[in-house]
Amino acid sequence: MPVLSCGGMRYQFKWQDVDPKDVPHEGRKNLEATIQRAFELGINHFETARGYGSSEMQLGWVLPNLPRQKIIVQTKVAPCADPENFVRTFNRSMSYLRLDHVDLLALHGINNRQFLRDSLKKNGCVAAARKLQKDGRIRFLGFSTHATTDIILDAIGSGEFDYVNLHWYFVNDLNWPAIQAAHARDMGVFIISPNDKGGKLYEPPRKLVELCRPLTPMQFNDLYCLARPEVHTLSCGAARPGDFDEHVRALDHYDRITETVAPIERRLRDEMSRALGQDWCARWFEGLPHYVDVPGQVNISEILRLWTYAKSLDLIAWGKMRYNLLGQADHWFPGENVAKLNGADLRATLARSPFAERIPAILREAHEMLFEAPAKRLSQS
Ligand SMILES: NC(=O)c1ccc[n+]([C@@H]2O[C@H](COP(=O)([O-])OP(=O)(O)OC[C@H]3O[C@@H](n4cnc5c(N)ncnc54)[C@H](OP(=O)(O)O)[C@@H]3O)[C@@H](O)[C@H]2O)c1
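First residue of the sequence shown? That's 1 in this note's numbering, and the numbers climb one at a time after it.
If you want it as structure tokens, here you go:
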């Protein structure tokens, strides 16, 4: 598995299935060039999903031109209550990709307990996928997830999966226990959206640029993740061939990755402690309630995470991109923003947090700093 993977969510023509004739010539050329460039660079893992609209179809026009045994192809199908429907959707993916098998099939978005139950139940989607494996149509089965760590740990603990696609990077350390659990089971670990959800690092604030020198913020984040042997690959959501270059240059430091990352990480954490206090930086997430247990289903944990990195490292644009998705993205980014608190008394809800006194004011500040008009998910754009 290459340490960088080619994500398939940014170069497709539409997020909906379209008539092949409607895909513009330049879009075809750009995707072909992006895949070719990836392959030349050794980035030979191509990851897409049935839910990414024309992505699979457009990949299916290019992948057959590459030596099959030299590429790793992943697609993802959403788990559902009816396993026959799951297999029908998988067959649609295969016909679009024009492949007789994929190397990796992920259950796309085990984001809550209902999806986990549907997946693991007797004769559920996992059983259906294992049948596909017996038939040689998939080589390995995994899952992708936006769930909270407790649910991810239960999915990993089921022993039913060979790999996991999840969010973990410098600005989100919460899922580290899940990565350790996956490692203990020798599972593959694929990092989702390190550059976009990982901080909008392609448009970094000046402060972050200065703190990450001599690397760029994207390069620091790449090496920060890859410095952990438990992490196998980072998805690079390339929209064009040139998007790989900055990441590949980061790998010039791969053989000295620890000593390259350490001083930059130190500078970032020192600045965060200077701005927010060492105690907050070390313990802000302790004793926080699950969003379903908060008045108005306000996602206090995610909001405090956004505030922590936005306030200390000037990641305001990223904070706004995420904050204004709350309440708009269903199980992909669950929970509501602070407005839904409606003045509720949080003392009981925050009783186990060492910062219960400070958090209400921090939530108000986070709302003032980050709230704008509700945002839409990419797939709804
Ligand atoms: N639940 C899931 O399973 C899930 C969720 C999210 C993502 N993913 C997977 O993870 C993959 C990566 O996520 P992502 O697409 O958000 O990737 P990403 O690499 O984190 O972000 C990609 C975006 O960053 C911008 N960008 C600009 N310069 C870049 C550069 N040099 N390198 C990379 N990005 C640059 C691009 O924006 P412009 O287009 O504006 O240039 C691009 O849209 C996706 O393709 C998808 O397959 C999975």
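Yeah, the Cβ is synthetic: ideal placement off N, Cα and C, and Gly gets one too.
Local conformation of residue i per DSSP, three classes
| i | result |
| --- | --- |
| CYS80 | coil |
| GLN74 | strand |
| GLY106 | It is Ala, not Gly, that sits at residue 106 in the sequence shown. Correct three-state label for ALA106: strand. |
| PHE355 | coil |
| LEU201 | coil |
| ILE192 | coil |
| LEU326 | coil |
| LEU315 | coil |
| TYR11 | coil |
| ASN111 | coil |
| GLU336 | strand |
| VAL298 | strand |
| ASN85 | helix |
| ASN383 | An answer regarding residue 383 cannot be provided, because it is not within the stretch 1 to 381 covered by the chain. |
Same chain, Cβ closer than 6 Å to residue i, five either side skipped, listed in chain order
| i | result |
| --- | --- |
| TYR436 | For residue 436 there is no data in the structure shown, the boundaries of the chain being 1 and 381. |
| ALA182 | ILE156, VAL164 and VAL189 |
| SER93 | ARG50, GLU56 and THR75 |
| LEU350 | ALA356 and ILE359 |
| ILE71 | ASN44 |
| GLU32 | VAL62 |
| ARG98 | GLY60 and PRO64 |
| PRO289 | THR349 |
| LEU276 | SER312 |
| GLY237 | GLY7, MET9 and ARG10 |
Continuous alpha helix (DSSP H) stretch holding residue i: start and end
| i | result |
| --- | --- |
| ILE264 | 257-276 |
| TYR224 | 217-226 |
| LEU30 | For clarity, residue 30 is Asn in the given sequence; the question names Leu instead. Counting along the chain, the alpha helix (DSSP H) containing ASN30 begins and ends at 25-41. |
| VAL248 | 245-250 |
| SER55 | 55-60 |
| ARG68 | Note, ARG68: premise wrong, no alpha helix (DSSP H); not H, not E. |
| ARG382 | The structure shown does not extend to residue 382, since the chain is modelled only from 1 to 381, so the question has no answer here. |
| LYS134 | 125-134 |
| VAL209 | 206-212 |
| GLN16 | Careful: GLN16 lies outside any alpha helix (DSSP H) and carries neither H nor E. |
| PRO177 | 176-184 |
Sequence-distant residues of the same chain with beta carbon closer than 8 Å to residue i, five excluded per side
| i | result |
| --- | --- |
| ASP258 | Checking the sequence shown, residue 258 turns out to be Thr, not Asp. Once the five neighbours on either side are set aside, the close Cβ partners of THR258 are ALA227. |
| MET369 | TRP307, ALA310, LYS311, ILE316 and GLY319 |
Contact test: residue i Cβ vs ligand 1 heavy atom, cutoff 7 Å
| i | result |
| --- | --- |
| HIS331 | no |
| TYR202 | yes |
| MET218 | yes |
| ASP314 | no |
| ASP243 | yes |
| HIS367 | no |
| ILE192 | yes |
| HIS146 | yes |
| CYS225 | no |
| MET57 | no |
| LYS134 | no |
| HIS232 | no |
| ALA239 | yes |
| SER235 | yes |
| ASN85 | no |
| HIS45 | no |
| MET9 | yes |
| PHE155 | Looking at the sequence shown, residue 155 is not Phe but Ala. Answer for ALA155: no, Cβ out of range of ligand 1. |
| ASP162 | no |
Sequence-distant residues of its chain with Cβ nearer than 7 Å to residue i (five each side left out)
| i | result |
| --- | --- |
| ALA106 | GLN74, LYS76, GLY142, PHE143, SER144 and ASN165 |
| MET218 | ASN195, LEU201, TYR202, GLU246 and HIS247 |
| GLU372 | LYS320 and ASN324 |
| LYS197 | HIS167 |
| HIS253 | LEU223 and THR260 |
| GLY296 | GLU336, LYS340, LEU341, ASN342 and ALA344 |
Bounding residues of the beta strand (DSSP E) (the contiguous stretch that carries residue i)
| i | result |
| --- | --- |
| HIS45 | 45-47 |
| GLY7 | 4-7 |
| SER235 | 233-236 |
| LEU153 | Run containing LEU153: none in the beta strand (DSSP E); it sits in the alpha helix (DSSP H), 149-157. |
| VAL164 | 163-166 |
Segment contact flag, the stretch 1-16 with the stretch 40-56, C-beta cutoff 8 Å, min 3 pairs: yes
Inter-stretch contact at 8 Å, needing at least 3 Cβ pairs: the stretch 331-343 / the stretch 276-285: no
Validate contact between the stretch 206-215 and the stretch 21-34 using beta carbons, cut 8 Å, 3 pairs: no
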